[in-house]
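One structure below.
Chains as they are written, first to last, in the numbering used here: chain A, 25 to 306; chain B, 5 to 534.
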């Protein structure tokens, strides 16, 4: 490698680091703002790469502590290795882990064969709503990103839900200069989105730099890997030979397939994701 | 039309954040769609989805649908919310913030534009400059966005008529000048047909400037405020691990281990023992943008919302704010009413003492002096009295601590910038003029023209600067009159700095540090006309 080439690569590394620092700083700022403004906070942890990376930044924001409970909405249909990964990390990082499951709907035989919209609403949205109602959470951290799909692109960082859990995306208050709207009425819980401004690529570059542990399903079994994790019946892997974080970053640089192509609920019918989300889906 | 090869950026340069503004139906979403299409940024799946929707509606491919991903928007064909999407050039990534054009969606436009590094102002070649063209440009000026590309769209409908293009650009540029904005580029385009977006048009042989993408590549990201005075608004105080950490984001300047600091408005003084950024517990310094925890030599009682600054370089503790405000509430802003007031991490309550001017943002005419109300989407100059003092700078000195929001019924309804501040004892905030040794590098001396400063001044100089001026190195200054000059005289007297002066019709001419007044080399003292 020539001297100039070496210099160029070294500079690129510094630039990337500065860039990731900027994303991380913004997320830390949002976490601290929420922690200052809300009494009863919880973080939704899907065990996926996004919320795991977000959890990592939370530890930075609070100097190694995570001063609120982690909530996992367990549909009981998740991949078993996700649950193993969850319990291992919860122990290592000393997390206050709580799970929410819609036992009633499961007892009545809810599953995707009854309709994906109905299943997501019952096992995810309703389970979350029940947990929020019973625990009295006022602020919920969610690891959604604007680049995931259209309706998430419209989100604010602090986004209120009314008593019926609805999201009024047509009349959102302005959010400027990091002066967030945190003083909503008591009926509402507020969704807080600390990594809204990150992209899928940013997340993987950050996971690489920080050496954050992620669930093994993201890595190729030789022919396939999962790019987005969900429930077993509605989650399909994509063809991939990427077995390391570096290889995933290289693969993403080439791909033209959207991240959530392997998530069946997004493609069931027109505007499905928007309808799910306006009812309170994540 | 062939589909270009997709390219996702591997560039490590941060994405440049662009906001696209302009009057409704002048082609904002179409421009974005075209940029995405021509750079290969539309994923195959989304492209197919939009194509099938359009086919079902029996219309040609609508680029605007790319941005307008929500159901309601498709039905109304108007962008409602600010959406962010990305594309890349060979140079770097872009984050496009689509700003809606409808009048009632002003708040979304402001939300989008407040995060932008640069703006594209799009004007319909047929319609020319319209109300929202001006209104949006005014908001850009108010938000401090100085990199603006002006583009004239729909020229395919005008046979790419150069005369019409020149007329529209000249109207636009004239308005921009009147609000203190300069267009970096003027570009003739057809967003629908793809002329001069990414590919150079065959229809504009009279135009030799850049395409939209080339112009974007020539812009630079908004600079971090590391050269401004050090400020860290305290976001919170954590008492964990037997340690008290004052946490916050350094908004400007640099804070170092060992620095003597003062908190405003409480006035508490301490010294930085360590800078904590878990898992690293002792950083030597933190610069603008960094979120850190500060551990002090002595524990002081500081509330969230106070500002930590270097001793003797503090912001003002203000009780009265004079500002320019844009109002986004459906209920008008009214004199005598109290609103939540937020600046940095501080909260207070502000009473509207006066609306000095109610301004029409599309004509810049003052609609009313000493108005009672400011209606939705109006702009005005206001005086606010604060219930408890907050630390603040003027926007000119430090934008991050010179902008505020007003809160009504729990949500942000107005945004403004600080023009002037009144301190607790009723005095106007003084403008601080810093003299440092960098000003002495020019052997022929340096001219500092302060004739624009009519109010109170405070002169602050570094030790090295004093040493060298006392040793005979020179600096020339100009003042408007006795009041600002008086501040200088006090400073020179207190610091044993020799100076000479001459009174002219245009103001006061000063040679500071000069061994002798009126020497041959005293080129800056030659009087007016230089």
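Glycine is no exception: its CB is placed at the ideal position from the N, C-alpha and C atoms. It should be emphasised that the depicted structure is a prediction, and the values quoted were computed from it without experimental measurement.
Are the beta-carbon atoms belonging to residue i and residue j less than 8 Å from one another?
{"i": "residue 140 (chain A)", "j": "residue 219 (chain A)", "result": "no"}
{"i": "residue 199 (chain B)", "j": "residue 158 (chain B)", "result": "no"}
{"i": "residue 220 (chain B)", "j": "residue 260 (chain B)", "result": "no"}
{"i": "residue 408 (chain B)", "j": "residue 327 (chain B)", "result": "yes"}
{"i": "residue 122 (chain B)", "j": "residue 151 (chain B)", "result": "yes"}
{"i": "residue 58 (chain A)", "j": "residue 167 (chain A)", "result": "no"}
{"i": "residue 44 (chain A)", "j": "residue 233 (chain A)", "result": "yes"}
{"i": "residue 311 (chain B)", "j": "residue 348 (chain B)", "result": "yes"}
{"i": "residue 239 (chain B)", "j": "residue 60 (chain A)", "result": "yes"}
{"i": "residue 483 (chain B)", "j": "residue 455 (chain B)", "result": "yes"}
{"i": "residue 422 (chain B)", "j": "residue 325 (chain B)", "result": "yes"}
{"i": "residue 196 (chain A)", "j": "residue 215 (chain A)", "result": "no"}
{"i": "residue 105 (chain A)", "j": "residue 262 (chain A)", "result": "no"}
{"i": "residue 394 (chain B)", "j": "residue 465 (chain B)", "result": "no"}
{"i": "residue 77 (chain A)", "j": "residue 52 (chain A)", "result": "no"}
{"i": "residue 372 (chain B)", "j": "residue 385 (chain B)", "result": "no"}
{"i": "residue 251 (chain B)", "j": "residue 56 (chain A)", "result": "yes"}
In angstroms, rounded to a whole number, what distance separates the CA positions of residue i and residue j?
{"i": "residue 256 (chain B)", "j": "residue 314 (chain B)", "result": "11 Å"}
{"i": "residue 243 (chain A)", "j": "residue 124 (chain A)", "result": "27 Å"}
{"i": "residue 73 (chain B)", "j": "residue 36 (chain B)", "result": "Residue placement at residue 73 (chain B) is flagged as unreliable, the pLDDT there being 48, under the threshold of 50; a coordinate-derived value is accordingly withheld."}
{"i": "residue 89 (chain A)", "j": "residue 463 (chain B)", "result": "46 Å"}
{"i": "residue 317 (chain B)", "j": "residue 302 (chain B)", "result": "20 Å"}
{"i": "residue 101 (chain A)", "j": "residue 403 (chain B)", "result": "51 Å"}
{"i": "residue 227 (chain A)", "j": "residue 47 (chain A)", "result": "10 Å"}
{"i": "residue 307 (chain B)", "j": "residue 299 (chain B)", "result": "15 Å"}
{"i": "residue 287 (chain A)", "j": "residue 256 (chain A)", "result": "10 Å"}
{"i": "residue 117 (chain B)", "j": "residue 509 (chain B)", "result": "44 Å"}
{"i": "residue 207 (chain A)", "j": "residue 352 (chain B)", "result": "14 Å"}
{"i": "residue 294 (chain B)", "j": "residue 283 (chain B)", "result": "14 Å"}
{"i": "residue 247 (chain B)", "j": "residue 275 (chain A)", "result": "44 Å"}
{"i": "residue 153 (chain B)", "j": "residue 160 (chain B)", "result": "20 Å"}
{"i": "residue 177 (chain B)", "j": "residue 190 (chain B)", "result": "9 Å"}
Considering only C-alpha positions, which residue in the set the options is nearest to residue i?
{"i": "residue 217 (chain B)", "options": "B:508, B:20, B:451 and B:328", "result": "B:20"}
{"i": "residue 350 (chain B)", "options": "B:380, B:269, B:517 and B:398", "result": "B:269"}
{"i": "residue 340 (chain B)", "options": "B:422, B:364, B:387 and B:124", "result": "B:387"}
{"i": "residue 3 (chain B)", "options": "B:141, B:188, B:337 and B:424", "result": "Absent from the structure is residue 3 (chain B), since the part of chain B shown begins at 5 and ends at 534."}
{"i": "residue 101 (chain B)", "options": "B:93, B:119, B:284 and B:378", "result": "B:119"}
{"i": "residue 23 (chain B)", "options": "B:141, B:156 and B:95", "result": "B:141"}
{"i": "residue 342 (chain B)", "options": "B:394, B:410 and B:330", "result": "B:410"}
{"i": "residue 203 (chain A)", "options": "B:114, B:501, B:187 and B:212", "result": "B:114"}
{"i": "residue 308 (chain A)", "options": "A:82, A:180 and A:197", "result": "In the structure as shown, chain A starts at 25 and stops at 306, and residue 308 (chain A) therefore has no counterpart that could be examined."}
{"i": "residue 173 (chain A)", "options": "A:145, A:221 and A:56", "result": "A:221"}
{"i": "residue 485 (chain B)", "options": "B:514, B:381 and B:191", "result": "B:514"}
{"i": "residue 143 (chain A)", "options": "A:270, A:230, A:128 and A:252", "result": "A:128"}
{"i": "residue 277 (chain B)", "options": "B:271, B:294, B:253 and B:304", "result": "B:304"}
{"i": "residue 110 (chain A)", "options": "A:238, A:42 and A:132", "result": "A:238"}
{"i": "residue 168 (chain B)", "options": "B:503, B:192 and B:469", "result": "B:192"}
{"i": "residue 45 (chain B)", "options": "A:67, A:281, A:175 and A:185", "result": "A:281"}
I need the boundaries of the alpha helix (DSSP H) containing residue i, first residue and last residue.
{"i": "residue 587 (chain B)", "result": "The structure shown does not extend to residue 587 (chain B), since chain B is modelled only from 5 through 534, so no value can be given for it."}
{"i": "residue 324 (chain B)", "result": "That residue, residue 324 (chain B), is in no alpha helix (DSSP H); its beta strand (DSSP E) goes 320-331."}
{"i": "residue 226 (chain A)", "result": "224-234"}
{"i": "residue 143 (chain B)", "result": "135-147"}
In terms of residue numbering, what span does the beta strand (DSSP E) encompassing residue i cover?
{"i": "residue 214 (chain A)", "result": "213-216"}
{"i": "residue 182 (chain A)", "result": "182-185"}
How is residue i classed by DSSP in three states: helix, strand or coil?
{"i": "residue 541 (chain B)", "result": "A question about residue 541 (chain B) goes unanswered here, because the residues of chain B that appear run from 5 up to 534."}
{"i": "residue 390 (chain B)", "result": "strand"}
{"i": "residue 53 (chain A)", "result": "helix"}
{"i": "residue 230 (chain B)", "result": "coil"}
{"i": "residue 102 (chain A)", "result": "strand"}
{"i": "residue 502 (chain B)", "result": "coil"}
{"i": "residue 578 (chain B)", "result": "Within the shown structure, residues of chain B are numbered from 5 to 534, placing residue 578 (chain B) beyond reach of any answer."}
{"i": "residue 273 (chain A)", "result": "helix"}
{"i": "residue 80 (chain A)", "result": "helix"}
{"i": "residue 91 (chain B)", "result": "strand"}
{"i": "residue 221 (chain A)", "result": "coil"}
{"i": "residue 447 (chain B)", "result": "Summary for residue 447 (chain B): the model assigns pLDDT 49, below 50, so the residue's position carries little reliability, and this model does not support an answer."}
{"i": "residue 43 (chain A)", "result": "helix"}
{"i": "residue 350 (chain B)", "result": "strand"}
Nearest chain C C-beta to residue i closer than 8 Å, yes or no?
{"i": "residue 63 (chain A)", "result": "This model lacks chain C altogether; the protein chains it does include are A and B."}
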